[in-house]
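Input: a single structure, listed below in structure tokens.
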Amino acid sequence: MANKPIKRSKKTGLPPGTLIHIGEKKTETVRITVFEYGPDGAADRTVKSAKDCVIPKDGNAIRWINVDGLHDVQWMETLGASFDIHPLILEDILNTGQRPKLEEAPGYLFLVLRMLRFEEAAGSIQSEQVSMILGPNYVLSFQEAPGDVFDAVRDRIRTGRGRIRNMGTDYLVYALMDAVVDGYFGILEKLGERVEVLEQEVIGMPDEKTLQKIYALKRALIYLRKSVWPLREVVGGLVRSESERITDATSPYFRDVYDHTIQVIDTVETLRDMVSGLLDIYLSSISNRMNSVMKVLTIIATIFIPLTFIAGVYGMNFEWMPELSWKWAYPAVWGVMGAVFVGMLIYFKKKKWL
Amino acid sequence: MANKPIKRSKKTGLPPGTLIHIGEKKTETVRITVFEYGPDGAADRTVKSAKDCVIPKDGNAIRWINVDGLHDVQWMETLGASFDIHPLILEDILNTGQRPKLEEAPGYLFLVLRMLRFEEAAGSIQSEQVSMILGPNYVLSFQEAPGDVFDAVRDRIRTGRGRIRNMGTDYLVYALMDAVVDGYFGILEKLGERVEVLEQEVIGMPDEKTLQKIYALKRALIYLRKSVWPLREVVGGLVRSESERITDATSPYFRDVYDHTIQVIDTVETLRDMVSGLLDIYLSSISNRMNSVMKVLTIIATIFIPLTFIAGVYGMNFEWMPELSWKWAYPAVWGVMGAVFVGMLIYFKKKKWL
Amino acid sequence: MANKPIKRSKKTGLPPGTLIHIGEKKTETVRITVFEYGPDGAADRTVKSAKDCVIPKDGNAIRWINVDGLHDVQWMETLGASFDIHPLILEDILNTGQRPKLEEAPGYLFLVLRMLRFEEAAGSIQSEQVSMILGPNYVLSFQEAPGDVFDAVRDRIRTGRGRIRNMGTDYLVYALMDAVVDGYFGILEKLGERVEVLEQEVIGMPDEKTLQKIYALKRALIYLRKSVWPLREVVGGLVRSESERITDATSPYFRDVYDHTIQVIDTVETLRDMVSGLLDIYLSSISNRMNSVMKVLTIIATIFIPLTFIAGVYGMNFEWMPELSWKWAYPAVWGVMGAVFVGMLIYFKKKKWL
Amino acid sequence: MANKPIKRSKKTGLPPGTLIHIGEKKTETVRITVFEYGPDGAADRTVKSAKDCVIPKDGNAIRWINVDGLHDVQWMETLGASFDIHPLILEDILNTGQRPKLEEAPGYLFLVLRMLRFEEAAGSIQSEQVSMILGPNYVLSFQEAPGDVFDAVRDRIRTGRGRIRNMGTDYLVYALMDAVVDGYFGILEKLGERVEVLEQEVIGMPDEKTLQKIYALKRALIYLRKSVWPLREVVGGLVRSESERITDATSPYFRDVYDHTIQVIDTVETLRDMVSGLLDIYLSSISNRMNSVMKVLTIIATIFIPLTFIAGVYGMNFEWMPELSWKWAYPAVWGVMGAVFVGMLIYFKKKKWL
Amino acid sequence: MANKPIKRSKKTGLPPGTLIHIGEKKTETVRITVFEYGPDGAADRTVKSAKDCVIPKDGNAIRWINVDGLHDVQWMETLGASFDIHPLILEDILNTGQRPKLEEAPGYLFLVLRMLRFEEAAGSIQSEQVSMILGPNYVLSFQEAPGDVFDAVRDRIRTGRGRIRNMGTDYLVYALMDAVVDGYFGILEKLGERVEVLEQEVIGMPDEKTLQKIYALKRALIYLRKSVWPLREVVGGLVRSESERITDATSPYFRDVYDHTIQVIDTVETLRDMVSGLLDIYLSSISNRMNSVMKVLTIIATIFIPLTFIAGVYGMNFEWMPELSWKWAYPAVWGVMGAVFVGMLIYFKKKKWL
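Chains as they are written, first to last, in this note's numbering: chain V, 2 to 355; chain U, 2 to 355; chain C, 2 to 355; chain Y, 2 to 355; chain G, 2 to 355.
This is the structure:
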């Protein structure tokens, strides 16, 4: 489950830089796809082994190598060696419980993001770690499993739509980040709709399931928040970065992603406020309802208990009970009972219980 | 609805800088009005097409071009080209879910504000995005729909009242911002009145509607807050700005708007505190009322249940029940019942339940 | 009411710097008093018109001009012209909903404070805006209505007690601020006493009024807090100020006021903590009491309901009910009833409900 | 009471620097003790009047003058004059409601601390203001009443144990501060024990007193917190101080006190968290208990109310009630009643109420 | 117990730098083990007395001296003298209630960490203080008791796995810190599992034990948090440190530990949010259940109370009650009763109580 802390115990005691995949194994086979593109064209292919994807580093084309599946440590070591990646960074890529972060290493930038998916049925958020390495003419991206939000980017590379083929690797990283953050908006829309629906339910006819729905929503928001707050620092770091990997031309684009991130945070906080408001109304609704249940009980009981007492009195079997033989006693008792009944009603009316 | 997160999914996957209107379409036709003024006079007209509003940039007059309606992407592209606006900024203008922000671009400043309107009936806040571009001798403003809070500013330009005609474009932007922030005060007054009314209601005779009113108020405040907090940074940015667009003469005016913004924030926080206080009293009121319902039930039941028991005993049909044939048994039973009754009353009196 | 947001709508749409009095009109006539003093003596008089109070600016004497009542815009304009005050500052003086603030203008400092008064009966805080202008040899102070906390300062000027006559205008402003902050201590004492009283009440015998008192207290504290927090920045600004209006000799005195302000804030926060603690106990008290009401009901009902059932059984009129004709049946039933009674008591004792 | 805000109203309107003792008068007679020590020896004596304690300022010995009792203003004036203390600082010494603070004056440092004592019986914290003046070769300390935590320091001076006699006045001040902070640890231990005891009580058998104990604890923690947070700034100020009064040799010692202060703050916050957790459990316990009371009532009532109804039916006196004359009717009714009884029990069992 | 504040009262009044062991005595005998290693080999042995472990400071080998048990003050003094450690630092090592901290002293760095262990049975966290001194070619580590998380590090030194033998003392300290922080992940996993289990329990069938489990979890999180927050500053301090003890080669490793620490903090905060959410559901569950208990009571009582009243009326013994002798009265009464019964059921159905 996405919401559980990742089990790192496998790792305990090993020397740092030891490559071990930590986290759920979400795919059976590792799949590597390589995109190679430039202003003049673009080609993509799936490679069979890590060695195949190591292309001479000279040349003007930009290469985007995407790896789906992290459990094959051999692959990672080969890749790490070809692109000269620090063992601690390789380790971070394989440990799938990272918070979003940005690290500058000599020659490249390293980024961790979290790609989220909303599970409609369970109402929970599934999370996948996406690590990227932004080099001078290559971008490496690592995902836990196949299936991502990058298809539109791939499409733009293939068709040459937009400016992506004319820009550098930093623009590609921007495009991927943008796709990830756009995915957050989709999740926020769905959560927002759930809040609306729950609002109706809470005010209308809440039942015991409602509480669980509120809690699931709260949990999803906690989780979303945990992914977005550190992202803000990451994007902020890119905007302020003085690395030669980030060109001036791409800077406004990163600022744009930064604005979107802030907007996501804002909306998450607003939804959190609303959900906590929902809980308040829910609790009050329960109190209110209990109140109205109690009122019915009280009204019925307080009206009939005295009447039953009166009936009980004249059901006693004493020999000397003069009222029993009076002619009008029975109607008189009915009269008294009626008077008590009406008196009670008036009292409740005055107390606004009716 | 204003309070729902804007649906950005239309946008997902498109290259950045693609102009698409995101948000509700609030008007059918785009309407552009152009004000042209200087110390000597002012003229305003409605233009038919984006081309008409492009006036040669030289000359001393200040031009304020206001666009109502954002769905016509062609217009925007023409405007953007004439005034040389960055595609990402055009995109921000069209995506109507922005938080207030300030961006400095070469040659102009870009601002996003949110103009709010209080819907009396629903008790909710409607929001409209107002984007402005502050150039050397022109101001562009973009609204989602016709109808705004700027009529007084238009009036001052037409009549020449105040100093607006003698000042630069920064003063015009100040005047527009001031109008927007003044609108917030109007909303705060109405919300403040609602708090007063709800206070009376909560202390007096709260019902189930009260809770919904409190929640609506809370929600409106969450929303207002979301618009005002980032505004503070925007205005603060203008005050501290070293852009050549902001002249020294206008600086105290922006400081004035800054003070107003702080005051709005202050009042919003105070109202939030009060509303959360209201919820506390509301919940306590419900408890209190339930308490008093319970007390009535308890008093009636605890008095009559034992009495009914006594009556029940002497309604038994045993052959050998000597009390039944005693002469004074019946009055004696009444006496015992009376004693129980009075004893109970005294007990309740002592317990302060009566 | 002090706690309502001030209505600024009168102002909407007017050009900035337009002088309009915003807020409640608290006095009929404007009253201006002028103090003129130096090391050698002091004189004070009431002037009839704004012109009278304009005294040549040269000379060594210090002049303190105090204005009670802000609705006469003419006066303000004359004064503003004589002392060369910026229109936006005049506007701030007339808009009586300002937060405390400090502004440095060329030639003088401008301060806004809030003078508070505790209304014993309503338990609410009344607030009056006090604006001051600290010039080289004059101090202007503006109040909404006659009646203030400055009498002791006036007295010290008249009698020459303390060092006030030997110091500059900054010392006078210090003395006035000190008087305002001293007033806060008086209010805190009264609020502190209310907290003590409410503590007793809440633990002893809380009723429905208690909740309203807690809320009134909470509201007063929210209001007090709103006035004091910005004051801290104002006084801090004076302490750190490099304006030529603040001399080194007065600096320790402003530091003293700063310490007092911090102490007020501290106490306000402590009282807020206590009041929110009070609410917790109050709610628990209600629960506790309901609990004990329920226990009595439960004990009486659970004891007598089974007994009444037994009596009911032997009140049935079946022809064949052998027990009815047994000799010892009646005492036996009493015995059974007694046993049930005692058994119940023991059960409740064990459950600690008695 | 320590927890009440000090009444400063006596002071209102007096010129600043007027010496008046504000606060409770905790001792009848002022007692001044003078310690004089150096590497070679130490002597201490009690002096009769303020004049006696004024010793020529030259010489190598260090003099520690401790004053118990602040109500004698004459003494203070004499002392202030001899040691050249600023009137505002004298005023701070006499106003016993100060928060801890540090002030650098020319020639000496001025410190205010709060010495706390835990009142076991009331569960509240008593506070005493300790002011110190750290001069080049003298230390003045002022307490509200005799009795303090400094006996161990006195002892070390007399016996020459530790390095105290070989260090300067800053080390003496350090030793006194350390003693004060050590006292806080003692209080924290006692409060920690109370939390443990209350935990047992809340989980075991909470009664109405429990709530008051929780509140008393909360209040004590609020009070302790109020004394410790500003202390942190004071000690931090000493650590960073560039005053010539603080020598390099003593700096690590102040850092040590700083660490202790942080530790106290940490523990206070942890205890606060725990106490607020206690309140939650307490409230839940009450709910739980009410729940179980309600269950008993419901079970008894829902079982016997229908049975009593059946008995009531056959106690009716209609002439034509065929069942009454049936032979097996009576046992049959018993059978029905038994069936209802058992059915109810099974239902409750299924609902897990039994 | 780990969660109790450490008793420091033993210490009160002693001169600073006096070595006294404060805290629980967790072991009987002090055990010192010495590791000596370099690129070429490694040897380790247990030494009998403090003197044995003092090895000439020259030479290239790195020495790691680990001390288990802090109560033998003599040992500490000998060690302190040999390695020239400041008395205040020795004191900190012996006082086992320190928060994590980092101090730079001339020639070495001093660190305090807290090693945690989760007690499955009690659900509480046990804590042990680990102090380290990082010198040029030696590392001293001090633990309260034998048994730690360092066995994997020892193993790596013995076998030469990883790079530990080729790096300096800072890498050894890194390896030890990493082991401590890895231990936190283990605890977080266990706490995370408990949260999952409690979630099921709270939604399914909460009982009175549930609340205690929630509270125990909350307490463990408070405690964990208290250990981790200051750790962040410690590791951050190491990352930014300009001490010559920290080499550039080790810097990325400390950054790695820093990332882990942030991740621990993040998870702690998330779990805290979830636990407080659990409490909310728990409380609501109780309310819900009480609600359903009340509903059953109300339904049974409101149906049978009026019916019993009717039966009571016809059990009265008046002589003149014409209905009694009517032929169809008895079935008619049954009919009325049936009608009331069905009417009630319909009413409850409409109210959604059934």
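Each residue gets a CB set at the ideal place from its N, CA and C atoms; glycine is no exception.
Fair warning: this is a prediction, and the values are worked out from it, not measured in the lab.
Less than 8 angstroms separates the beta-carbon of Y:Lys227 from that of C:Asp267. With a contact defined as Cβ atoms closer than 8 angstroms, C:Thr309 and U:Phe310 qualify at about 5 angstroms. Annotation: Cβ neighbours of V:Asp179 in chain U (cutoff 9 angstroms, chain order): Pro17. Chain Y has no Cβ within less than 8 angstroms of the Cβ of C:Gln75. Under the three-state reduction of DSSP output, Y:Lys26 falls in the coil class, being neither helix nor strand.
Leaving aside the five residues that flank V:Leu177 on each side, the residues in its chain whose CB is nearer than 7 angstroms to its CB run, in chain order, Met133, Ser142, Phe151 and Val154. Going by C-alpha positions, V:Glu190 is about 10 angstroms away from V:Gly184. Contacts between G:Gly163 and chain V, judged by CB atoms closer than 9 angstroms, involve Leu15, Pro16, Pro17, Gly18 and Thr19 in chain order.
Per DSSP, reduced to three states, the secondary structure at U:Ala146 is coil, with no helix or strand assignment. Between the C-alpha atoms of G:Arg115 and G:Ile94 there is a straight-line separation of about 12 angstroms. Sequence-distant Cβ neighbours of U:Leu355 in its own chain, meaning closer than 8 angstroms and more than five residues away, are Ile300, Leu346 and Phe349. Counting the other Cβ atoms within 10 Å of the Cβ of Y:Lys296 gives 16 or more, which makes it buried. For V:His87, the residues of chain G that pass the 9 angstroms Cβ criterion are Pro253, in the order they occur in the chain.
Looking at V:Phe111, V:Leu192, V:Ala250 and V:Val343, the one whose alpha-carbon comes closest to that of V:Asn167 is V:Ala250. Contact between the stretch 329 to 336 of chain V and the stretch 312 to 324 of chain G is present, with at least three C-beta pairs closer than 8 angstroms. For G:Ala44, there is no enclosing alpha helix (DSSP H); the enclosing beta strand (DSSP E) has its first and last residue at Gly42 to Val48. Y:Ile23 and C:Asp260 have their alpha carbons spaced roughly 16 angstroms apart. By the C-beta criterion, the stretch 281 to 288 of chain V is judged to be in contact with the stretch 196 to 211 of chain V, since at least 3 inter-stretch pairs fall below 8 angstroms.
At a Cβ-Cβ threshold of 8 angstroms, G:Arg157 and G:Gly163 count as neighbours. Around the beta carbon of G:Asn61, fewer than 16 other beta carbons lie within 10 angstroms, which makes this residue exposed.
Listed along the chain, the chain U residues whose CB falls inside 9 angstroms of the CB of C:Leu284 are Asp281, Leu284, Ser285 and Ser288. DSSP, reduced to helix, strand and coil, places C:Asp85 outside both helices and strands of the structure shown, so it counts as coil. Residue environment: Y:Ser50 is assigned as exposed (fewer than 16 neighbouring CB atoms within 10 Å of its CB, all protein chains considered). For the 8 angstroms CB-CB criterion, Y:Leu199 and Y:Ile215 form a contact. Under the Cβ distance rule, C:Arg241 does not count among the residues neighbouring chain Y, no pair being separated by less than 8 angstroms. Using a Cβ-Cβ cut-off of 8 angstroms, C:Met317 counts as an interface residue toward chain Y, since at least one Cβ of chain Y sits closer than that to its own. Measuring C-alpha to C-alpha distances from G:Thr160 to each of V:Phe119, V:Val235, V:Ala44 and V:Pro16 identifies V:Pro16 as the nearest. In the three-state DSSP reduction, Y:Tyr38 falls in the strand class (E or B). Taking all protein chains shown into account, Y:Pro101 has 16 or more neighbouring C-beta atoms within 10 Å of its C-beta and is therefore buried. Distances from the alpha-carbon of V:Ala122 to those of V:Leu192, V:Asp73, V:Asn138 and V:Leu112 put V:Leu192 closest. Judged by their CB atoms, C:Leu135 and U:Pro253 are not nearer to each other than the 8 angstroms cut-off. C:Lys219 counts as buried, since at least 16 other C-beta atoms from the protein chains shown sit within 10 angstroms of its C-beta. The beta carbon of C:Glu121 sits no closer than 8 angstroms to any beta carbon of chain U. When the alpha-carbon of U:Ser293 is set against those of V:Lys353, V:Leu110, V:Trp321 and V:Arg32, the nearest one is in V:Lys353. Secondary structure at Y:Val31: coil, using DSSP grouped into helix, strand and coil.
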